[in-house]
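Undergrad: Below is one structure. I have some questions about it.
2 protein chains.
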Amino acid sequence: MSKFKVTFYPENKSVEVTKDTSILSAAISAGIYINSSCGGDGVCGRCKVLIKKGRVLSQSTGLLSEEEKDSGLRLACLTKVQGDAEVEIPQESRIDLQTAGGGYAELNPQVEEIQIKAWAGEKDFAYLPLTRKIYLELSPPGLDDKLSDLERIYRHLKQREKTPVLRTGISNIRGLGELLRSSDWKVTVTLVKRSGSTEITMIEPGNTSKRNFGFCFDIGTTTISGQLVDLNTKKQLGTKAAYNKQATFGSDIISRIIYAGKPEGMEKLHWAVTTGINEIIHGLTDGEKVDLNEVTSIACAGNTTMMHLLLRIAPTYLRREPYVPTANFLPVSRAIEAGIKINPHGILACSPGVASYVGGDVTAGILSCGLDEKKKLSLLIDIGTNGEIVLGNREFMVACAASAGPAFEGSGVTSGMRASAGAIEEVSIQPDSFDVSYRTIRDAKPRGICGSGYIDLLAALLKAGVLDKDGKIKALKHRRIRDGESGREFVIVFKDDSGWEADIVVNEADIDNLKRAKAAIYSGVSAMLRHMSLSLEDIEEIFIAGGFGTSLDIDSAVKIGLLPDLPKERFIFVGNSSLSGAQLMLLSDEAREKLVDIANKVTYFELSAEPAYMEEYMAALFFPHTDLSKFPSLKK
Amino acid sequence: MSKFKVTFYPENKSVEVTKDTSILSAAISAGIYINSSCGGDGVCGRCKVLIKKGRVLSQSTGLLSEEEKDSGLRLACLTKVQGDAEVEIPQESRIDLQTAGGGYAELNPQVEEIQIKAWAGEKDFAYLPLTRKIYLELSPPGLDDKLSDLERIYRHLKQREKTPVLRTGISNIRGLGELLRSSDWKVTVTLVKRSGSTEITMIEPGNTSKRNFGFCFDIGTTTISGQLVDLNTKKQLGTKAAYNKQATFGSDIISRIIYAGKPEGMEKLHWAVTTGINEIIHGLTDGEKVDLNEVTSIACAGNTTMMHLLLRIAPTYLRREPYVPTANFLPVSRAIEAGIKINPHGILACSPGVASYVGGDVTAGILSCGLDEKKKLSLLIDIGTNGEIVLGNREFMVACAASAGPAFEGSGVTSGMRASAGAIEEVSIQPDSFDVSYRTIRDAKPRGICGSGYIDLLAALLKAGVLDKDGKIKALKHRRIRDGESGREFVIVFKDDSGWEADIVVNEADIDNLKRAKAAIYSGVSAMLRHMSLSLEDIEEIFIAGGFGTSLDIDSAVKIGLLPDLPKERFIFVGNSSLSGAQLMLLSDEAREKLVDIANKVTYFELSAEPAYMEEYMAALFFPHTDLSKFPSLKK
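If you read the sequences in order, they're chains A and B.
Those letters in the first sequence? Residues 22 to 657, per my numbering, in order.
Those letters in the second sequence? Residues 22 to 657, per my numbering, in order.
In structure tokens form, the structure reads like this:
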């Protein structure tokens, strides 16, 4: 079959592909991530590329204007290679658009000891990490002590361990005789508990017990966050976040599931997520001079689709009635079975899920905020691509998912970026002059706007009278207000003052995305309370979670109608609660057992089956809401 | 590197090898098994081959006579290929010399239901096979029952199972969603208990539960015996035995362990044993029209060296002081991890061992004869290449190994063969005429002599006055008595009356081998009793085990001094007790648990460390013994 060379610019990266390969696939092969919300179906129109040279065949589409077509723009998914070609990928068509550090963001560079404790918890969870290393100095066998090599290790361990059932795999036994003798009977064993018994996953010569590391991960639809933890000192050595490269195959869960059903779809999605995970692992271990062989375990939390794709479990039936997962409780497996590259004997544990749209990220979130321990009624709102909402206390828990989209994660909005250095996270606007003040993460030059920045920005635009309740930018005469390609726009930072190559703006299309996201969350909360015959006043504490930076302005979030109008002291911002839950999982066996209890206790509530939901949603498509009586503090 | 073609005759089988490959290695590559007791060290002189054509380079050796050298004979292990060559392998240099059916022997062609019971046991063991298939008709999920696919299976099983902890591997989960739906929620799960929890090893569409098969194996140093069992009906569908192809690399355990330490030695030994196992599996399943995918488990008993080699665990330290195994208790693993080809999800369980020279064959033997349940003192004597002896009862058990060699397995003796069709198993000789009467297994034309036949033969030769107490054949004038290459010999069947291409004989070298074997066993028993300050009279029951046919004449065995002179009613012939134990293991969880108890209870007794042993051995190198007072019944 004839092969053609496709070169992508500005990277100047080439890749050889067969005839009729789409430009989208070719880009993926070249390691370049093109935006494609619909997963290559030619529906979203986001994967525009410029054909500079060469023979291609494009399917006609209404998603490109005549001017765009004339200038050489094509949709990457509908364009097939017919000969050698050169392709330019515009910034607007890229994923990882404005992220510093090659797609990564360091969230917490400082070394901190982790409190193994829920936010609202009363006591610490007992420390017992997912994998433990124990250094053994065995007595060598003699004529009066002829116990076999393996049972000698077991005997030694049984004197120390509470869970005495010990087992190991053949691969650890094969060279054991030589290993014990060449290491003078001094070895380090790595232990993991699974299915109630303690297993030796690895036996190493000498004392390696001082070096034992793990990772916790939150695998989100849009963002993957990982943290390197020293399992001995409980210190977090670094955190990185990166966009989930699966976004190339669709921006939301549904499009990913559809893509997984295409030929090689599953393999590509699996490859994309593990590549992201491996890059984060590589980045953090490299920086901390941790050898990959010293990483012995991974604790993962993520929504049900993400967990299925990570383990290459077909997600097909997650989106078919009656929407059941293949498995909610996933067995502890070897990390390499999921393509994750740590120590070859390293293990992977996944947080258990509840239902197709309430996954292990939600149970991990409940664990980390301690909602399951609360006496009084509490609410957990996780603002992500799937906005998950949990209502309950130690007696009961109900959870639902509100499809919010990735806008609050800085994806799918013109100047959006993840909460990392240079992201605008706080904004205020002078009412008359429209002078803008802002604060960026780590006070770096502004490069874009992150979720908390957008919440502040919308609140500020409303307050300054730039934005009306419907989400339209008023046609005011000001140098910051102008018409753009996606409707009227407001310039927050002009190019010259920014650390970016364009003005940092928000336009009406962005505002529409943000409005839909906040409406989905708010109406989810309302519908759920209504279904349970409860009112907002019954709620004592509201945990707000999400991949924002270090803060989220609750006032602003109420002002735009994202959060319900309740006394400020009832809100607790808990950050990435899924990652925090995975962190607890990594460090405490008690926490891991609690997760199982939580997953068994939570009842799934199907929002779309609730007749009131659509009505609530439509009513919430205003700033803050069509029914102002719900926002009494704003009436003043 | 240049490659040369070596062709072996009379098979006319060719193989391509690199320059300097030994003829022995080339033969192994061609699938032809040459005798080599020393494992290719050029010491035993058994691997004589005839170089018919071609360039070879031979190391000089005193093990070939000048006549042999002149006629073109060389030792295969000391001869290296220098060009294309043609090699004839004489019958005497072959393994599987006289075995019917391509190296296999069908021992029990009839279909019998197995009694799950020890010989001396009072009650049956509870039936619960190693792997069980359970057919499930699941209720499909609905809007009011949204349990995940995997937990749906668990729920269903938990209603039926006593051991509720259930787990499975990722590979069984991956395609589960599709499998359940395409099979209309009717599936068969295969369960195995390991480390105290029940595991699903396999999920198949539809009802396959009616077809569930297992194999039990006794892996001996010289002989491998396997049996196909229907795990549902408890019927044994067939038994086959074959010589262990590892014999090419040495006839006893020590030479195998040494060979394992050579480059690629371990791989070759592992390959040899698994090839043998796979051939037996293939032969029996083929004959019974059982698909390999329907075979879900294997229970193996074997000595410690055999188990180490089967699982590719280095056996190095088994023969170095203080002689400890790498592991006595081997984890239940996948059969394919040991290279055994059954269902890819099929599992392998090995009987636990006690020490380097008292292995899982002994614990299985104890289980099958029920020695561990006896109130009074009992003895188990397993007559094999390693003669194992167990003394004890329900209070205590002591075991030792007496290196007997393979003579009683029909190996290393001129006309020896395994107990299979055509093997002479009973012999009597008229005192004056020296007329020989014999009975062969399945009344086939005689092809050789098996273990029980040799015992009878020696007793008959003594009785007829042909053999003196020292093991020499008297120089009597008779057509059956003549001088041969290996000393004087006695012809049992002349070529014309046999089903074989030569006279069936026994010579003084054979008798010497048999004498050493019987002396090793007898003196082992004596030394052990002496060490425990017990006498023969204290023993209530003696279980005699070994790979003989259906019978063994106890009188003859006493007459030649193999067994102690005790009343005949105290002896029980139990056949291959290791295989019977493996059979119980395959069919009963209770038996599997008992095996663990037995292995923990048995104390190893090192015969070579016992000062009296050598003295006892030397005294036993007579027929029946130098001290006739030990054989009062023969004095008459």
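A virtual CB, placed ideally from N, CA and C, is assigned to each residue, including glycine.
Where D273 of chain B and G431 of chain B are concerned, what is the direct C-alpha to C-alpha distance, given to the nearest angstrom?
TA: 14 Å
Undergrad: Nearest to S318 of chain B by alpha carbon, out of B:C471, B:K154, B:L201 and B:P373?
TA: B:K154
Undergrad: If I follow the unbroken alpha helix (DSSP H) through D170 of chain B, where does it start and stop?
TA: D170 to K179
Undergrad: Closer than 9 Å, Cβ to Cβ, to anything on chain A: give me those residues from the segment 27 to 52 of chain B, in chain order.
TA: Those would be none; no residue qualifies.
Undergrad: Output, in sequence order along the chain, the residues in the segment 350 to 372 of chain B whose CB is closer than 7 Å to any CB in chain A.
TA: F350, P352, S354 and E358
Undergrad: So is N233 of chain A buried or exposed if we call it buried at 16+ other beta carbons inside 10 Å?
TA: buried
Undergrad: When the Cα of V38 of chain B is compared with those of B:P31, B:Y30, B:E32 and B:A51, which residue comes out closest?
TA: B:A51
Undergrad: Would you mind reading off the limits of the beta strand (DSSP E) that contains E32 of chain A?
TA: Careful: E32 of chain A lies outside any beta strand (DSSP E) and carries neither H nor E.
Undergrad: Three or more C-beta pairs closer than 8 Å, one from the segment 219 to 238 of chain A and one from the segment 265 to 281 of chain A: is that the case here?
TA: no
Undergrad: Are the C-beta atoms of A688 of chain B and some chain A residue less than 8 Å apart?
TA: Outside the modelled stretch of chain B, which goes from 22 to 657, sits residue 688 of chain B, for which no answer is possible.
Undergrad: Mark E220 of chain A as exposed unless 16 or more other C-beta atoms lie within 10 angstroms of its C-beta, in which case mark it buried.
TA: buried
Undergrad: Within 8 Å (strictly less), CB to CB, does G190 of chain A reach chain B?
TA: yes
Undergrad: Can you name, in chain order, every residue of its own chain whose Cβ lies under 8 Å from the Cβ of H646 of chain A, other than the five neighbours on each side?
TA: Y543, G582, A640 and F652
Undergrad: Am I right that L99 of chain B and K69 of chain B are in contact with their C-beta atoms under 8 Å? What's the rounded C-beta distance?
TA: With 8 Å as the limit, L99 of chain B and K69 of chain B do not qualify as a contact, their Cβ atoms being about 11 Å apart.
Undergrad: For a quick check, are the C-beta atoms of Y638 of chain B and A540 of chain B less than 8 Å apart?
TA: yes
Undergrad: With 16 other CB atoms within 10 Å as the buried threshold, where does H303 of chain B fall?
TA: exposed
Undergrad: Ignore the nearest five residues each way along the sequence and tell me which others in P5 of chain B's own chain have a CB closer than 7 Å to its CB.
TA: Residue 5 of chain B lies beyond the residue range present for chain B, which begins at 22 and ends at 657; the question has no answer from this structure.
Undergrad: With a threshold of 8 Å between beta-carbons, can L197 of chain B be considered close to chain A, or not?
TA: yes
Undergrad: Contact between the segment 452 to 470 of chain B and the segment 414 to 426 of chain B is defined here as three or more beta-carbon pairs at a separation below 8 Å; is this criterion met?
TA: no
Undergrad: Excluding sequence positions up to five away, which residues of its chain have a Cβ less than 6 Å from the Cβ of Q131 of chain B?
TA: Caution applies to Q131 of chain B, whose pLDDT of 49 falls short of 50 and renders its modelled position unreliable; the value that the coordinates give is listed next. The answer is none, since no qualifying residue turns up.
Undergrad: Under 9 Å between beta-carbons, which chain A residues line up against D170 of chain B? List them in chain order, please.
TA: Y338, V345, P346, T347 and A348
Undergrad: Residues of the segment 204 to 227 of chain A in Cβ contact with chain B at a cutoff of 7 Å, in chain order, please.
TA: S216, G217 and S218
Undergrad: Using the Cα positions of E182 of chain A and D145 of chain B, report the straight-line distance between them to the nearest angstrom.
TA: 37 Å
Undergrad: How many Å lie between M223 of chain B and S203 of chain B at the Cα?
TA: 16 Å
Undergrad: May I ask which residues mark the beginning and end of the beta strand (DSSP E) holding P226 of chain A?
TA: S218 to P226
Undergrad: The beta strand (DSSP E) with K69 of chain B in it runs from where to where?
TA: Annotation for K69 of chain B: the continuous beta strand (DSSP E) segment containing it runs K69 to S79.
Undergrad: Taking 8 Å as the threshold, find out whether the segment 380 to 389 of chain A comes into contact with the segment 616 to 627 of chain A through three or more Cβ pairs.
TA: Touching, yes.
Undergrad: Going by C-alpha to C-alpha distance, which of B:I450, B:A465, B:E510 and B:S92 sits closest to L482 of chain B?
TA: B:I450
Undergrad: Is R95 of chain B helix, strand or coil when you go by DSSP?
TA: strand
Undergrad: Which residue wins for smallest C-alpha separation from V353 of chain A, given the options A:A322, A:L339 and A:G241?
TA: Taking only the C-alpha atoms, the option nearest V353 of chain A is A:A322.
Undergrad: What's the gap between the Cα of T28 of chain A and the Cα of E631 of chain A?
TA: 50 Å
Undergrad: Would R613 of chain B pass as an interface residue toward chain C - the criterion being a Cβ-Cβ separation below 8 Å?
TA: In the structure shown, chain C cannot be found, because the protein chains are A and B.
Undergrad: May I ask you to verify whether the segment 332 to 350 of chain B touches the segment 577 to 594 of chain B, counting CB pairs closer than 8 Å and requiring at least 3?
TA: no
Undergrad: Along the segment 269 to 289 of chain A, what residues have a CB closer than 9 Å to any CB found in chain B?
TA: none
Undergrad: Applying the criterion that 16 or more other CB atoms from any shown protein chain within 10 Å of the CB defines a buried residue, is D170 of chain A buried or exposed?
TA: In the assembly as shown, D170 of chain A is a buried residue. Its beta-carbon has 16 or more other beta-carbons within 10 Å.
Undergrad: Could you work out which residue in B:E614, B:L607, B:I55 and B:E89 is closest to I13 of chain B when comparing CA atoms only?
TA: There is no way to answer for residue 13 of chain B, as the model of chain B reaches only from 22 to 657.
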